[in-house]
Structure formats: structure tokens, C-alpha cells
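Residue numbers (the working numbering), protein chains in the order written: chain A, 1 to 213; chain B, 214 to 426.
From the three backbone atoms N, C-alpha and C, an ideal C-beta is built for every residue, glycine too.
Heads up: the structure comes next, in C-alpha cells.
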């Protein structure tokens, strides 16, 4: 049995109910920790579930920041310095990662508050999360203010990547099931993922086959 | 053991290797089928793994379209009519969903070619996927051309939603584990997800607790 919701019914939902409903509609999301530092050296760490792929050549990804969220320190810092890090989450750090979304004052480091360890890759003055298995350094490229609802889209370039050696397959595929990379549903539901099915490149007139690894 | 890749090393990867590597870095992605129709009534269906949440009030989401991809028919159609549908994928239709990425000519309906059923919600002239459990009608709002790499970002409003009645929780959370909603890693790896951990709203000075449902 299915139920339909018209736009009028969605608009009449209580605010928190609607936020929870709409956020969980959109499928499983890429949830990551963003590490930054301001020009005075104050570190910041925040959880974001809006990472999306833009392109591989050059390697680019995007993030959405809400207008008035705790993420604002992250946005200010990455605009100020031009640098940020993106760090995968796994079950061992889910609670700590979620806790970075609490509204700490700017002079507090979420690394210290939640108990995660800042780690500086050689040659870069941007903190990564030591406890993350898959992580990379980003250089800020563009900010687009989306007038439709006041959110900010940030685009950046992938500059340096760290991944566990044994999770890279022959064709470049990074096996993020083996790193227990966590996905997110809605605002607060964290999940690991079952082993997947890889399918061959699709062509008209044939069916895709499973890629055995 | 971890391995580092500098930007120079990424740029020197063979093109397909790099595309596979960078696409799988970004974590588990929301993968959906986009249903459209052109002004002559020709239906189109395509798989996209770039859905992202923009806001809940108004309910908005975004998609990224590559410059020269098979998705182009989808982009043309939704710009032409102003309407599209977004449909979740589950294991029973993974191969069919993946097959919509083959480069079929425009006069061919991917619904027919892959064996999925177009379904028209009352009052809307846009095809949904009958086999999808969670789906909604979108109205096009904005296209942003991202000069950084020639991709197009499309923003739209959620107008009408269909979800299975028993997967909506008391607080509006939609349980998309129970619908076996599939997530995607990289370009071609499809996964279902394990039951998750929901955490309470984070506040400084307390730790989040598990929400029992």
C-alpha cells in the first residue's frame, strides 16, 4: 500500500516533520567530515551529507551549505584559507562525527570536543581526520549562492588523496565497503552497506553483466 | 597500510582508471531513475547518481548532468516541458536501471527497451516508474551551467510524492532500508544497506543517543 502527498500536504506538515520527511526521501547520501582551519590556526570539523561528484578530469566535487547552520564556521574557514579536507566516516566514529553538528562556539575545536585527531598531510596546512580511512585535501574553486533558498554551493578540486592500499582494485575502483564507509539517510540515520553488484558498461542490444573482482 | 596520491599522480592516471577512482572516492551516492517525456510524447528514462538535497521548505533537490552524456535527452526533455520524475531503485530492477545508461537513440523509450513500466500520476503528464516504491514528481526551477567543467546543475521542486504507507515513521522519517532502496558506489556498483543507527539531535555538552523506533 502506498500513500500520495500533494505539495499542499507537504507544505502543511509541521516544520521538523517536513524536514525529516524530505531529507529522507532523497535516498542514501554521502556523509563526510569537513576539516578546516581559520587564518589564526583555529581548527574546525563538521559533518555534511551533501557531498556530490562533479567530474573526474579535473577531479571536482561539490558541497551544499545551509544559510544559517553550524556549518558556517566551515564555510568561513574554507573561503578564508582556500583549503579543506573531506574524510569518510565508519561505524567506530559515527557518534563523534554526528556530535560535530552541535552548535559549538567558533573558538572551540570540534576535534577536541568530540575526540577525533587532527592530522596534517605533508605540505598542507589543513587538518584531516586521523581516524578516517579514506580522505583527501580539497582546494576551494567556486561558491555559488543559490537564490532559490539561500543555500551556498561550494565547488573544489581534489588535490591529494589517502586510501588504504588494499581497497584499490585493478581498474581504479575503490572498495568502500571494505573501509566500512558509512552512508546517511535523512538527518540522523547512519548505515553501513552490503557488498554490491558491479555491472559492465551498458550498451544498446546487450545486457550488462556482473563484474567479478 | 595507506597510499597517497598527489594531484600529479591523479592527472597521470589513464582516463578510465581516473574516472573509476574519483567516482568511487566520493562515498555512497543516491542513485535514481529520471523519467521524462518530450513535447511530442516520446518517453525517456535515465539513471543518475548525482541527486542531492537542497532544502525542505520549499522542498528542493538538485541533479548534475554531464556535458555530453546520454542524460542529455533527459535534460532536453525536462527543460522543454518543465517536468520530470525521480524514482528510487531496488535490487529487483538494478540491471534494468543500469541498462538505461546505454546510448539509445532519442526516438526509443528506455522504458520499453529495458522493460520498466511508465505510470502517470493523476494530474501530471510525466512518466514515473511503476516498479519503484518511492518516487516523486519534480517541477524544473533553475539550470546553472558550471563553467568549471561544463556540467549542468538542475534544481527543481518536489510537487507530489508516493511512498509505501508502512515505511513512514511517526516523526516523518521514511525508512528506505525497508524499501530496499539501492545506493551506488563509483560508476557501476549497486548496494543495499544495513539497518541503521538513528542519533538524537546533537547539542554541546551531551552525547547523542540512539533513537529507538
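Starting from residue i, trace the beta strand (DSSP E) in both directions and tell me its first and last residue.
i, result
"residue 44/A", "43-48"
"residue 355/B", "348-359"
"residue 373/B", "364-377"
"residue 216/B", "215-219"
"residue 37/A", "32-37"
"residue 273/B", "272-278"
"residue 190/A", "189-191"
"residue 54/A", "52-56"
"residue 398/B", "396-398"
In or out: residue i buried (at least 16 other Cβ within 10 Å) or exposed?
i, result
"residue 280/B", "exposed"
"residue 225/B", "exposed"
"residue 106/A", "exposed"
"residue 416/B", "exposed"
"residue 323/B", "buried"
"residue 214/B", "exposed"
"residue 206/A", "exposed"
"residue 259/B", "buried"
"residue 37/A", "buried"
"residue 145/A", "exposed"
"residue 16/A", "exposed"
"residue 268/B", "buried"
"residue 182/B", "The question about residue 182/B has no answer, for chain B in this structure spans 214 to 426."
"residue 127/A", "buried"
Please confirm whether residue i has its beta-carbon closer than 7 Å to some beta-carbon of chain B.
i, result
"residue 110/A", "no"
"residue 164/A", "yes"
"residue 114/A", "no"
"residue 142/A", "yes"
"residue 189/A", "yes"
"residue 1/A", "yes"
"residue 155/A", "yes"
"residue 67/A", "no"
"residue 53/A", "yes"
"residue 118/A", "no"
"residue 84/A", "no"
"residue 101/A", "yes"
"residue 46/A", "no"
"residue 186/A", "yes"
"residue 33/A", "no"
"residue 98/A", "yes"
"residue 61/A", "yes"
Is residue i close to chain A? Criterion is C-beta to C-beta, closer than 7 Å.
i, result
"residue 423/B", "no"
"residue 362/B", "yes"
"residue 338/B", "no"
"residue 291/B", "no"
"residue 217/B", "yes"
"residue 254/B", "no"
"residue 263/B", "yes"
"residue 409/B", "yes"
"residue 305/B", "no"
"residue 387/B", "yes"
"residue 365/B", "no"
"residue 243/B", "yes"
Can you give me the start and stop residues for the alpha helix (DSSP H) that residue i sits inside?
i, result
"residue 22/A", "15-25"
Whose Cβ in chain D lies nearer than 8 Å to the Cβ of residue i?
i, result
"residue 371/B", "The displayed structure is made up of protein chains A and B, and chain D is not among them."
At a cut-off of 6 Å, would you count residue i as near the ligand SAM, judging by its Cβ distance to the nearest heavy atom?
i, result
"residue 99/A", "In the structure shown, the ligand SAM is absent, as is every other ligand, since no ligand is present at all."
- Query: Touching or not, the segment 84-93 of chain A and the segment 124-142 of chain A, by the rule of three or more beta carbon pairs under 8 Å?
  - Reply: Short answer: they touch.
- Message: Quick check: the segment 147-154 of chain A against the segment 372-389 of chain B, are at least 3 beta-carbon pairs closer than 8 Å?
- Response: Counting Cβ pairs under 8 Å, fewer than three are found: no touch.
- Query: What residue ranges within the segment 67-118 of chain A form continuous alpha helix (DSSP H) runs of no fewer than 4 residues, ordered along the chain?
  - Reply: As far as the segment 67-118 of chain A is concerned, its whole alpha helix (DSSP H) runs of at least 4 residues are 72-81, 94-99 and 110-114.
- Is there contact here, the segment 54-62 of chain A with the segment 92-103 of chain A, by at least three beta-carbon pairs under 8 Å? Proximity of the segment 54-62 of chain A to the segment 92-103 of chain A falls short of the contact definition, fewer than three beta-carbon pairs being nearer than 8 Å.
- Is it a yes or a no for the segment 410-424 of chain B touching the segment 173-191 of chain A, going by three-plus beta-carbon pairs under 8 Å? Contact between the segment 410-424 of chain B and the segment 173-191 of chain A is present, with at least three C-beta pairs closer than 8 Å.
- If we count Cβ pairs, one from each stretch, closer than 8 Å, do we get three or more for the segment 240-250 of chain B versus the segment 27-39 of chain A? Enough Cβ pairs lie closer than 8 Å, so yes.
- Message: Does the contact criterion of 3 or more C-beta pairs under 8 Å hold for the segment 75-84 of chain A versus the segment 14-27 of chain A?
- Response: By the Cβ rule, the segment 75-84 of chain A does not count as touching the segment 14-27 of chain A, because fewer than three pairs are nearer than 8 Å.
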